[in-house]
Amino acid sequence: MIHRLKQWWQRQRMIRSMTATLNNHQGFGARGWEASSTLSFAARTVLADEVLAWLRAQLPYTARPYGMNRYQLHLCFAQMAGQQRTFLADGEGFLAFNRLESVAIFEQLHQRLTTSDWTAMPSLTTLEVYLFSYGDLLKPMIDTDANR
């Protein structure tokens with residue numbers, strides 16, 4: 262019983278720490294690209310290549326405390342009107358992955374960006390990509406524990 266209580270308490274600390282980190286706009290990389298539902302296959306391929314180049318450039322700069330190198334990738338489709346963002350579809354997530362699995366995940370992303378049907382979103386103006394790093398999300402909590 263005490264062991265389960267300690268596990269629950271530790272999980273709650275991790276969730277609170279990760280939430281605080283996200284609220285401080287840390288622990289993830291985000292970028293948007295102009296997009297439209299009428300992009301040609303060639304233009305979508307160029308867009309997918311740009312997204313993959315950005316993701317590959319982000320990985321080396323993520324924190325890996327105690328060898329923790331798990332990531333989560335999400336896509337969002339939005340319409341931007343000035344500063345007003347309207348999400349058009351739920352973010353498409355990928356399974357959590359580590360650096361070794363990133364090649365396969367990035368290939369799935371490339372395939373999804375070049376072949377998925379965007380015609381259901383005629384007002385699409387922006388593709389947003391979010392890369393969450395569990396190491397960066399948990400690093401503040403780990404650093405706090407190390408200083409105790």
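Residues 262 to 409 (the numbering used here) are what the sequence shown spells out, left to right.
Just so it is clear, CB atoms sit at the ideal spot from N, CA and C, and this is done for glycine as well.
As assigned by DSSP and simplified to three states, the class of residue i
i, result
"Thr347", "strand"
"Ala365", "helix"
"Leu336", "strand"
"Ala342", "strand"
Cβ pair residue i, residue j closer than 8 Å
i, j, result
"Arg360", "Leu320", "yes"
"Ala339", "Glu389", "yes"
"Pro401", "Thr306", "no"
"Leu370", "Phe348", "no"
"Ala324", "Ser394", "yes"
"Gly288", "Asp397", "yes"
"Met329", "Thr386", "no"
"Pro383", "Ser298", "yes"
Boundaries (first-last residue) of the beta strand (DSSP E) holding residue i
i, result
"Ser394", "387 to 394"
Cβ separation of residue i and residue j, assumed to be a contact under 8 Å, to the nearest whole Å
i, j, result
"Ala357", "Gln333", "5 Å"
"Leu374", "Leu308", "6 Å"
field: alpha helix (DSSP H) runs contained entirely in the region 283 to 333, provided each spans 4 or more residues
entry: 302 to 319
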